[in-house]
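Residue numbers (the working numbering): 466 to 789. Glycine included, each C-beta is placed from N, C-alpha and C at the ideal position. Values in this document were obtained by computation on a predicted structure and should not be read as measured data. Taking it in order: structure first as structure tokens, then the write-up.
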Ligand code: SF4
């Protein structure tokens, strides 16, 4: 369920979501991905129930600014392609995140930043406003404080709310950053709280609210998750993968992955690494093409570890269908 305060056209990425290449005409492969997802760091303050980071054995680290600048230089040659700060960590925990946003915007890139919102402060928000960050997306879980704290272990619901209100107040009447809020819920949670009430409440402050279903399958091996697996009873769809035609992911250490879902960044999911391979070369490599044949054109999900538990259970982009 996706709701906008001022309609879908107000979304800074409407030009992507409403293009045919987004969800219908994605094969043959685009010249360059719509999105380059960047993991500034894999540090995070939280240990959320649903998050695959809990299974990761990767060392903790953060992206060098020089590597980030190389990515910006490459992506800025492709009009319409955009960056997303995301990955298996909290982007705001990178000490140079403000400078990274400024560098991307100076190079004319469209930019979206995902955050759990806890480390946002007035100083950072002012940098984002001044730089012209296009979309600041707060990630939540559940539909009220109790559900949030159950899923976002160790978090502070009141602090998050306070920071979202602060962000909206400082931005004031400016158009950017567009403020988005994404939550996901287990089916049991959905039956306890009306998502429409949640959406109506938050659309008084932010520009967009998305409510999606939580996928616990990625973390099914985690002991603490096992008791809750039955709360996700609905059969999840495992259709052909579209994402593998839309985006590439760069981890903090420069490794390029065909998908962002793997918190372990396993070798078998890695296409190459900066500076040995460019984003363009990775996008057209024989390795990613073989993976597209498996999960994008065929149904070989069981042959790739990360894809075995991946289900496309969102219908939120239905909203854009009329423009395709
Ligand atoms: S895990 Fe596999 S199927 Fe899922 S989005 Fe990534 S590449 Fe596609």
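Quiz item: To which residues of the same chain is residue 727 closer than 7 Å at the C-beta, ignoring the five residues directly before and after it?
Solution: Short of 7 Å from the beta carbon of residue 727, and not among the five residues preceding or following it, lie these beta carbons of its own chain, in chain order: 734 and 771.
Quiz prompt | Distance cut-off 7 Å: residue 731 Cβ against heavy atoms of the ligand SF4 | solution = No, the beta carbon of residue 731 sits no closer than 7 Å to any heavy atom of the ligand SF4.
Quiz prompt | Contacting residues, own chain, Cβ-Cβ under 7 Å from residue 674 (five flanking each side not counted) | solution = Counting only Cβ-Cβ distances below 7 Å, and skipping sequence neighbours, we find 468, 646, 664, 667 and 668.
Practice problem: Leaving out five residues on either side along the sequence, give the residues of the same chain with a beta carbon under 8 Å from the beta carbon of residue 426. | Solution: Nothing about residue 426 can be reported from this structure: the residues present for the chain run from 466 to 789 only.
Self-check item: Buried or exposed by the 16-neighbour rule on C-beta atoms within 10 Å, applied to residue 568
Solution: Buried, since its Cβ has 16 or more Cβ neighbours within 10 Å.
Self-check item: Cβ-based neighbour list, residue 584, same chain, cut-off 8 Å, excluding 5 preceding and 5 following
Solution: Sequence-distant Cβ neighbours of residue 584 in its own chain, meaning closer than 8 Å and more than five residues away, are 510, 555, 557 and 558.
Quiz item: Any chance the segment 599-612 sits against the segment 489-497, with 3 or more Cβ pairs inside 8 Å?
Solution: Contact fails: fewer than three Cβ-Cβ distances are below 8 Å.
Quiz item: What's the C-alpha gap between residue 789 and residue 544?
Solution: Caution applies to residue 789, whose pLDDT of 47 falls short of 50 and renders its modelled position unreliable; the value that the coordinates give is listed next. Each residue's CA atom was taken as its position, placing residue 789 and residue 544 some 20 Å apart.
Self-check item: Cβ-based burial, residue 524 [other Cβ within 10 Å; buried from 16]
Solution: Exposed, because fewer than 16 other Cβ atoms sit within 10 Å of the Cβ of residue 524.
Exercise. Work out the CA separation of residue 578 and residue 518 for me, nearest whole Å.
Key: Straight across, the Cα-Cα distance linking residue 518 with residue 578 is about 18 Å.
Quiz prompt | Buried or exposed (CB count within 10 angstroms, at least 16 for buried), residue 766 | solution = Result: buried.
Quiz item: Measuring from the CB of residue 710, is there a heavy atom of the ligand SF4 at a distance below 7 Å?
Solution: Every heavy atom of the ligand SF4 is 7 Å or more from the Cβ of residue 710, so no.
Quiz prompt | With 16 other Cβ atoms within 10 Å as the buried cut-off, status of residue 662 | solution = Around the beta carbon of residue 662, fewer than 16 other beta carbons lie within 10 angstroms, which makes this residue exposed.
Practice problem: Tell me where the beta strand (DSSP E) around residue 603 begins and ends. | Solution: 600-604 is the extent of the beta strand (DSSP E) around residue 603.
Quiz prompt | DSSP-derived helix/strand/coil call for residue 670 | solution = Coil.
Practice problem: Using only the heavy atoms of the ligand SF4, determine whether one of them is closer than 7 Å to the beta carbon of residue 766. | Solution: Yes, Cβ of residue 766 sits closer than 7 Å to a heavy atom of the ligand SF4.
Quiz item: The beta strand (DSSP E) spanning residue 720 covers which residue range?
Solution: That run of the beta strand (DSSP E) goes 720-722.
Practice problem: Note down, in chain order, each residue of its chain lying with its Cβ closer than 6 Å to the Cβ of residue 501, except the 5 sequence neighbours on either side. | Solution: Contacts found: 540, 548 and 713.
Quiz item: Counting along the chain, where does the alpha helix (DSSP H) carrying residue 624 start and finish?
Solution: Note, residue 624: alpha helix (DSSP H), 622-636.
Practice problem: Go ahead and label residue 763 buried or exposed: buried means 16 or more other beta carbons lie within 10 angstroms of its beta carbon, across all protein chains shown. | Solution: Counting the other Cβ atoms within 10 Å of the Cβ of residue 763 gives fewer than 16, which makes it exposed.
Self-check item: Residue nearest to residue 546 in terms of C-alpha spacing, selected from 478, 580 and 514
Solution: Ranked by Cα distance from residue 546, the first of 478, 580 and 514 is 478.
Quiz item: Count the other CB atoms within 10 Å of the CB of residue 686; is the residue buried (16 or more) or exposed (fewer)?
Solution: With fewer than 16 other Cβ atoms within 10 Å, it is exposed.
Practice problem: Determine the extent of the alpha helix (DSSP H) in which residue 563 is found, giving its start and end residues. | Solution: Per DSSP, the unbroken alpha helix (DSSP H) holding residue 563 starts and ends at 562-571.
Practice problem: Give me the Cα-Cα distance between residue 483 and residue 474, rounded to the nearest whole angstrom. | Solution: Each residue's Cα considered, the two are about 9 Å apart.
Exercise. State the DSSP-derived secondary structure class of residue 778, mapped to helix, strand or coil.
Key: At residue 778, the pLDDT of 47 sits below 50, so the modelled position is not reliable; the number obtained from the coordinates is stated separately. Note: residue 778 maps to coil in three-state DSSP.
Self-check item: Member of 680, 513 and 670 whose CA lies at the smallest distance from the CA of residue 471
Solution: Nearest C-alpha to residue 471: 670.
Quiz prompt | Under the three-state DSSP convention, the category residue 726 falls into | solution = Secondary structure at residue 726: coil, using DSSP grouped into helix, strand and coil.
Quiz item: Taking all protein chains shown into account, do 16 or more other C-beta atoms lie within 10 angstroms of the C-beta of residue 758, making it buried, or fewer, making it exposed?
Solution: Taking every protein chain shown into account, the CB of residue 758 has fewer than 16 other CB atoms within 10 angstroms, so this residue is exposed.
Quiz item: Thinking C-beta only, is residue 724 closer than 8 Å to residue 761?
Solution: No.
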